[in-house]
Amino acid sequence: MDFANFLIQLLNSLQYGLLLFMLAAGLTLIFGIMGVVNLAHGSFYMLGAYLAWFLVSQLGSLVLAIVLGTVIAVVFGWLLEWLLFRHFYHRDHLDQVLLTFGLIYIFEEVRSILWGDDVHSVQVPEMLNWSIPLTDNLSYPVYRLVMSGVCIALALGLYLLISRTRLGMKIRAGAFNREMTESLGINIRLIHAVVFALGVALAAIAGMIASPVSSVYPGMGSSVLIMCFVVVVIGGIGSVRGALVAALLVGLVDTFGKVLVPQIAGMAVYMLMAAVLLYKPEGLFKQ
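The sequence shown begins at 3 in the working numbering and counts up one residue at a time.
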């Protein structure tokens with residue numbers, strides 16, 4: 003592998019890892035702070051992709067579609083938490099699994115009714131539809147670099163929100179000791195609603211920014227859900243920092259595995275997870 007090919011694969015792994023982080027961050031926040039096992043998290047990724055396709059067809063702008071789609075995702079997450087999830091915080095994890103597993107089928111049927119079962123594509127914005135030449139024959143799409151930049155910006159914003167703001171302090175306090183937090187006069191139900199809506203929005207944004215480089219198709223959330231759980235397990239349940247490190251590791255192993263050892267590429271990520279759990283059963287970082 004020459005340097006140009008190596009650089010392309012490195013950028014691809016970075017972009018894939020950051021996209022996985024966007025998904026896994028919401029999942030680990032919901033589970034680590036609220037204690038909810040959310041198997042329907044991949045459906046929020048699918049929701050974002052379909053929203054991008056539909057809103058771009060109506061508005062003609064991917065940027066406007068992402069802004070409006072983010073607002074819709076936040077409202078949808080807030081309503082979903084209020085109507086369903088807040089009643090399952092103190093229930094057994096099996097009840098939560100059954101609820102979210104059922105939601106997967108509901109979301110799929112609603113998606114089929116609203117947008118049909120065809121495969122769709124989203125056009126890359128014209129101003130970003132060009133490539134940076136690396137050699138005479140190889141180039142790298144600018145839009146993929148923009149995707150990575152957006153993910154990095156959102157990761158930095160999430161870090162600042164959790165670690166540097168008053169809201170983040172309340173979120174961390176609620177995750178550490180719910181009863182003590184409530185006794186201090188903090189509305190823990192409101193905190194949980196904010197966290198859930200944030201998790202849904204992160205997954206939907208990941209789906210929206212990924213839609214121009216991948217097809218929008220039925221069941222697309224299921225394929226990313228398993229990888230999200232792998233990232234959460236490797237990084238440590240409830241750790242946003244762990245989710246970032248694990249997502250980048252998974253991106254590197256998956257991308258270079260498909261190039262260098264395609265015969266075992268399908269199991270390389272799971273071998274990484276097994277190796278991490280063998281030496282650190284709690285994951286790379288504790289909550």
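Ideal placement from N, C-alpha and C gives every residue a C-beta, glycine not left out.
Practice prompt. Could you tell me the boundaries of the beta strand (DSSP E) in which Y47 lies?
Written response: Against the sequence shown, residue 47 aligns to sequence position 45. Not the beta strand (DSSP E): Y47 falls in the alpha helix (DSSP H), residues H43 to L61.
Worksheet item: Taking DSSP as the reference, what is the three-state secondary structure of H92?
Response: Here residue 92 corresponds to residue number 90 of the sequence shown, with the count starting at 1. Collapsing the DSSP output to three states places H92 in coil.
Discussion item. Here's the rule: buried if 16 or more other CB atoms are within 10 angstroms of the residue's CB, otherwise exposed. What is P214?
Written reply: Counting from 1 along the sequence shown, the entry for residue 214 is found at position 212. Flag for P214 reads buried.
Fill in: Sequence-distant residues of the same chain with beta carbon closer than 8 Å to I106, five excluded per side
As a first step, residue 106 is located in the sequence shown; it is residue number 104 there, counting from the start. Around I106, the same chain offers L41, A42, G44, S45, G223 and S224 as residues with beta carbons nearer than 8 Å, after the five sequence neighbours per side are excluded.
Worksheet item: Over what stretch of residues does the alpha helix (DSSP H) that includes S150 continue unbroken?
Response: What you label residue 150 is simply residue 148 of the sequence shown in a count that begins at 1. Run containing S150: V144 to R166, per the alpha helix (DSSP H) assignment.
Practice prompt. Classify E83 as buried or exposed, calling it buried when 16 or more other Cβ atoms lie within 10 Å of its own Cβ.
Written response: Within the sequence shown, the letter at position 81 stands for residue 83. Flag for E83 reads buried.
Practice prompt. Return the residue from the list A177, M149 and M210 that minimises the CA-CA distance to L20.
Written response: Taking the first residue of the sequence shown as 1, we reach residue 20 at position 18. Of the candidates A177, M149 and M210, M149 places its Cα closest to the Cα of L20.
Worksheet item: Hey, how far is the Cα of M249 from the Cα of L22?
Response: Indexing the sequence shown from 1 puts residue 249 at position 247. Indexing the sequence shown from 1 puts residue 22 at position 20. Per the sequence shown, the amino acid found at residue 249 is Ala instead of Met. Distance between the alpha carbons of A249 and L22: 6 Å.
Worksheet entry | Segments of 3+ residues assigned as beta strand (DSSP E) that fall wholly inside the segment 165-229 | DSSP runs (the beta strand (DSSP E)) wholly in the segment 165-229: none.
Item to complete: Return the bridge partner residues of I134 from the DSSP annotation.
Response: Walking along the sequence shown from the start, residue 134 turns up at place 132. Its beta-bridge partners are Y142.
Fill in: Distance CB(V124)-CB(V218) smaller than 8 Å
Mapped onto the sequence shown, residue 124 falls at position 122. Mapped onto the sequence shown, residue 218 falls at position 216. The answer is yes: Cβ separation under 8 Å.
Worksheet entry | Sequence-distant residues of its chain with Cβ nearer than 7 Å to L246 (five each side left out) | In the sequence shown, residue 246 corresponds to position 244, counting from 1. Closer than 7 Å at Cβ, skipping near neighbours: F23 and A157.
Practice prompt. Over the uninterrupted alpha helix (DSSP H) stretch that includes I35, give me the two end residues.
Written response: Translated into positions along the sequence shown, residue 35 becomes position 33. Where I35 is concerned, the enclosing alpha helix (DSSP H) stretches over F5 to M36.
Worksheet item: Touching or not, the segment 185-197 and the segment 126-139, by the rule of three or more beta carbon pairs under 8 Å?
Response: Counting Cβ pairs under 8 Å, fewer than three are found: no touch.
Practice prompt. Could you check how far apart the C-beta atoms of G238 and F287 are, in whole angstroms? I think they sit under 8 Å.
Written response: Position 236 of the sequence shown holds residue 238. Position 285 of the sequence shown holds residue 287. About 4 Å; that satisfies the 8 Å criterion.
Worksheet item: How many angstroms separate the CA atom of G118 from the CA atom of Y52?
Response: Here residue 118 is taken as the residue at index 116 of the sequence shown, counted from 1. Here residue 52 is taken as the residue at index 50 of the sequence shown, counted from 1. Going by the C-alpha atoms only, they are around 11 Å apart.
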